[in-house]
Amino acid sequence: MIDESFREDEILGKAYDARLMVRILRYLQPYAALLAISLTFLLLHTASQLLGPYITKVAIDRYIAGNDPAGLDWMVGAYLANVLLGFVFLFVQTYTTESTGQRAMQDLRIEIFTHLQHQDIAFFDRHPIGRLMTRTINDVETLNELFSTGVVGLVADLFIVCGIAAAMVWLDWRLALVSLAGFPLILYISRFYRRRARDVYRQSRLVLARLNAGLQESIAGIGTVQAFGQEEKMLARFRSANTEYRDVLLRSVRYNAVFFPLIEIFSALSIGLLLFYGGRLILDNAIQAGVVVAFIQYIQRMYQPIRDLAEKYNIMQAAMASAERIFTLLDTPAAISNRPLAKLPETVRGEIAFRDVWLSYRPGEPVLRGISFHVAPGEKVALVGPTGAGKTSIVAALCRFYEIDRGAILVDGIDIRHWDKQALRRHLGLVLQDVFLFSGDIAGNITLGDSRIEREQLLDAARRARCRFRRAAATGL
Amino acid sequence: MALPWLVKGGIDAALYGQPASGSLVKFPLLILAAAALQGFFRYCWRVNIHGFSRRCEADLRDRVFAHLQRLPLSYFNRVKTGDLMSRLTNDVQAVRELMGFGSLAIVDALVVIVFSISLMITIDPWLTLWSMLAMPSITVVVRFFGRHIFRWSRHTQEQLSALSAFVQENLSGIRVVQAYAQEANHIARFRRLSSEYREKTMWLATLWGIFWPLMQVLAGIAATIVLWLGGRQVLQGTMTLGEFVAFNGYLAMLTWPMMAVGYVVNSYQRGVAALERLGEVLDTPVSPRYRTAATPAGRRMPVPPAVEFRNLSFAYDDGPPVLTGVSFKIAAGQTCGIVGETGSGKSTLAQVLLRLYEPPDGSVLVGGIDVKSWPVRELQRAAGFVSQDVFLFSGTIRENILFGAEDGALERVEHAARVAQLLPAIREFGAGFETTIGERGARLSGGQKQRAALARALVKDPALLILDDAFSSVDAETEEAILRALKPAMRNRTTLLIAQRASAVRDADVIVYLRAGAVIEQGTHDQLLKRRGAYWELYQKQRLMREVEGMIDQDGLP
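Okay, structure coming up:
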């Protein structure tokens, strides 16, 4: 029983999409100052990281080789100061980045939730709840990761790699050339790896979605499963998805196991080349030993971003997919637009008129065909008829849960399309066919959190609905 | 591991003038060989340990799921779906990280630490001692932050699940929210929850933001010590420059394992907490219904079975009693109608009969023996059940009808659908029985869902049919049509028919009237009418209502 509906979730597009990125960045705009601080400290931290090996180099070449203990003490002091400053820089950068991301994501989350609250019921018929939840919670979380790890991480990596390359060239261009010789090959290998990793990642998400959908369903329907004795069947179905998921991930384990050690080997190769060539230069007295030492430290630092590359790529890709889905959702206009008249009656008398009302849930399949009737204020009207006759649909149309195709519904002589949706519904008391209660206490369910409802009103309503709760006396509502 | 050592050789060779360029070639080559060897071992480790952790993850998930399937329903009333989902996804993942990354990192770290330190000692024991001074403080920092980070990550996780639960509930009840114009209210509540989540996340970020840089500072202090003392030794000529560089190299190699310790502590604590949460699920005893292995004398369920409730009293968990002293019998092949107000305990009767909830010993008898003596398989095979709140699975109509059936011949599906009066509706769908009905049967109307559930129960041709208010969303005429179609096969099954309408049960062999969990009347339709009691009252009221409806119909409501 695979629901085709969650396939949409699995489309993973590009890792970078300028149009989406611009739109994501718009959410950062209100926090531009915070972001600027974050980027400044990112730069400072990068600089401090570049400075460490350089101080070592100077200490070795100028003071150790130059036999100057006092100078060495100075260098040690500078090194320590650099370490401590690095701490401050990194902390400020981490904190501001996270803060920016979290604030922007909260705005986005609230925007999505608000958007959902104003969709018509037809929208909820089309979109399974699980998927909408993924939009509001998981997709936003993924996008947040894009900020804290993805984008800022990539910028940091870029700074570091460029900074190191620049520092190397500045120290000694010949050694820089030797050290960076392996770099293009590494980039090629990591591209190859990235492609594999991406395929596995895509597939794993696909299987995971199926796994989770099955999981949710079998927990929600556990009563039915147990009553029908289908525990084994559900388990077998779960097991097949579970095994498939495991096997996909085992593939990724193998790719990783090849790639990461390979990077280590390349790093060692670079150092070997450096030593060989650097050693000759030292013998020729062309450079001092400290330069080689600094180079070794730089090379070790340079390979870190490459190790993380695939992971960051996956984060970027997942985030782009999440963004795409979130924006698609946000771009779905509320099918029922709210264009209330300027003046609405203060009190509602409760006169209802249906004039040739047509309604269909799916195009071409009308459930109401030309309904017309009139209800005077204070009148009690019963709607009867077999199932599927359209009783609930009349109520749904009156509540404006669905937009009618043709005709008009008037409340107190005013077309409901000119009523403020919420003002209209506030005057309706509706008991639905499928009773839905919220978790929490009984009072919360009766008032639905409407603080304007007084306690007396609440108790009166409960009495009239003949709510007799056996334990109500002990705990109150 | 040999890398810094070889670097030392390389530098010393270059500096202290072994003029043969042979050694200049030798050291880089040795470095490469050492790296290749290390790479090979790392590959083996990774494949084995990560692979192992993935397999464990799948096994663990499998085990928890299998256990979950057999937990008593009262457990699912207590624990939210979202919470269980998070245990099966996030917690299982946390355990995997502990076993995979955690164990790999700790092994890797230990090996590197042991080798680095021993090689450092061979270069200069005193310098090693001095540079290691900062190390105990790393342990202290890791312990302190580990504890707090763990606590706060738990808080944020809980807040995130609260947020998810709120969204889930809001979306499930969106009709109610909109009908009562409570959107703004719910948005405000969402905003509050979301802000709380952000604040908690920021605390966590602050802790991490101090923790990582602090680790780097401690590593940096060690490097400072080496630069200072080591530099002096080189100046004094007690250490070669190559040794000094190698020493620095080892120290740099130690930085990562020290941080890995931090990582591992974190993933260890999360993993243990996750294991604890999974343990909670696994330690919850399975429903007693799965513990009965076989009937005493290997008896088979008679077809149809007789049913008896013998002085049955029942309460959910430690709630108030729902049923008190209920006693009545249904002879094999008879139909028993049960009526009564909402909350009178009708559904509970059906649920204890199926042993979805556990009745006291000897109070519910099926086929002459305690329902608790039947192996659950036997009971499930015999029973067909339509519950009050119908749950359908995503998939096609056919798959749903065949949910509990052993074999799936199309005629049987069609027959069941015909009896349940679902066939006309199915014909209207383009794809017929192969129509997918969406999550929880979203494409079907309330009445269609109930009729699909009825077909699902009937396709099993059950010896014991339990209909718990199965016609609530079906109008009186359809109800009658269904009952008429059910008749021919009725003789061969015992039926428990719980209904709101007296008209549904009037043909039953025995009718039981429940009020506040006790039987107040029982007998046949005619007997009960003669008594002029509660059943008579209900019957009169409903007949009157139908007549009014009939009058309105004749008047031709516009």
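Residue numbers (our numbering), protein chains in the order written: chain A, 1174 to 1650; chain B, 31 to 588.
For every residue, glycine included, the Cβ atom is placed at its ideal position computed from N, Cα and C.
Look at the alpha carbon of residue i and the alpha carbon of residue j, and state the distance between them as a whole number of angstroms.
i: L488 of chain B; j: A435 of chain B; result: 9 Å
i: Y1428 of chain A; j: P390 of chain B; result: 57 Å
i: V302 of chain B; j: R1598 of chain A; result: 50 Å
i: S51 of chain B; j: A1459 of chain A; result: Because S51 of chain B carries a pLDDT of 47, less than 50, the predicted location of this residue cannot be relied on, and no value is offered for it.
i: A211 of chain B; j: C1572 of chain A; result: 10 Å
i: F421 of chain B; j: R91 of chain B; result: 24 Å
i: H97 of chain B; j: E1405 of chain A; result: 11 Å
i: Q1202 of chain A; j: D1280 of chain A; result: 12 Å
i: I550 of chain B; j: T372 of chain B; result: 15 Å
i: E213 of chain B; j: F423 of chain B; result: 29 Å
i: G414 of chain B; j: Q1376 of chain A; result: 39 Å
i: I360 of chain B; j: Y565 of chain B; result: 19 Å
i: Y1471 of chain A; j: Y1366 of chain A; result: 24 Å
i: L1212 of chain A; j: E1314 of chain A; result: 22 Å
i: D1633 of chain A; j: S191 of chain B; result: 35 Å
i: N107 of chain B; j: L1388 of chain A; result: 17 Å
May I ask you to list the residues that DSSP assigns as paired with residue i?
i: C366 of chain B; result: B:L526 and B:V540
i: P351 of chain B; result: B:A345
i: K359 of chain B; result: B:E338
i: W1531 of chain A; result: A:R1579
i: I1525 of chain A; result: A:V1548 and A:V1584
i: I496 of chain B; result: B:F415 and B:L526
i: R545 of chain B; result: B:A548
i: G553 of chain B; result: B:I541
i: L395 of chain B; result: B:E338 and B:D400
In the structure shown, what three-state DSSP assignment does residue i receive?
i: F415 of chain B; result: strand
i: H1547 of chain A; result: strand
i: P1301 of chain A; result: coil
i: R329 of chain B; result: coil
i: P1539 of chain A; result: strand
i: R486 of chain B; result: helix
i: V1398 of chain A; result: helix
i: R321 of chain B; result: coil
i: L1632 of chain A; result: helix
i: R177 of chain B; result: helix
i: F1574 of chain A; result: coil
i: L1198 of chain A; result: helix
i: Q570 of chain B; result: helix
i: R1599 of chain A; result: helix
i: I1460 of chain A; result: coil
Please tell me whether residue i has its Cβ less than 7 Å away from any Cβ of chain E.
i: Y280 of chain B; result: The structure shown contains no chain E; the protein chains it does contain are A and B.
Can at least three beta-carbon pairs, one atom from the segment 391-402 of chain B and one from the segment 462-478 of chain B, be found at a separation below 8 Å? no
Go through the segment 406-476 of chain B residue by residue and report every complete run of the alpha helix (DSSP H) that reaches 4 residues or more, in order. 406-412, 427-431, 440-449 and 453-458
contact_flag[the segment 1274-1288 of chain A, the segment 246-255 of chain B] where n(CB pairs < 8 Å) is 3 or more: no
Identify every run of the alpha helix (DSSP H) within the segment 195-245 of chain B, keeping only runs that are complete inside it and at least 4 residues long; order them along the chain. 204-209
Quick check: the segment 1568-1585 of chain A against the segment 1520-1532 of chain A, are there 3 or more CB pairs under 8 Å? yes
Quick check: the segment 464-478 of chain B against the segment 1432-1446 of chain A, are there 3 or more CB pairs under 8 Å? no
Three Cβ pairs or more, each shorter than 8 Å: is that satisfied between the segment 327-345 of chain B and the segment 99-113 of chain B? no
Touch check for the segment 360-370 of chain B and the segment 335-352 of chain B: three-plus C-beta pairs under 8 Å? yes
Between the segment 1417-1431 of chain A and the segment 1350-1358 of chain A, do at least 3 Cβ pairs fall closer than 8 Å? no
Do the segment 529-547 of chain B and the segment 338-355 of chain B touch if we need at least three Cβ pairs shorter than 8 Å? yes
Closer than 8 Å is the cut-off here; do at least three beta carbon pairs connect the segment 1438-1458 of chain A with the segment 1323-1341 of chain A? no
Complete alpha helix (DSSP H) runs within the segment 1318-1404 of chain A (minimum length 4 residues, chain order): 1325-1344, 1346-1353, 1356-1393 and 1395-1400
Whether or not the segment 1268-1279 of chain A and the segment 181-188 of chain B are in contact is what I'm after, with contact meaning three or more pairs of Cβ atoms, one per stretch, closer than 8 Å; do they touch? no
Taking contact to mean 3 or more Cβ pairs, one atom from each stretch, closer than 8 Å, check whether the segment 254-264 of chain B and the segment 275-294 of chain B are in contact. yes
Does the segment 1465-1479 of chain A touch the segment 1243-1259 of chain A, meaning 3 or more C-beta pairs lie closer than 8 Å? no
Between the segment 1549-1556 of chain A and the segment 1529-1536 of chain A, do three or more beta carbon pairs fall short of 8 Å? no
Quick one: any contact between the segment 116-126 of chain B and the segment 1394-1404 of chain A, if contact means 3 or more CB pairs under 8 Å? no
Three CB pairs or more closer than 8 Å across the segment 148-157 of chain B and the segment 83-90 of chain B: no
Decide if the segment 1205-1225 of chain A is in contact with the segment 1249-1265 of chain A; the criterion is three or more beta carbon pairs, one per stretch, under 8 Å apart. yes
Can you list, in chain order, the stretches of the beta strand (DSSP E) that have 3 or more residues and sit fully within the segment 70-123 of chain B? none
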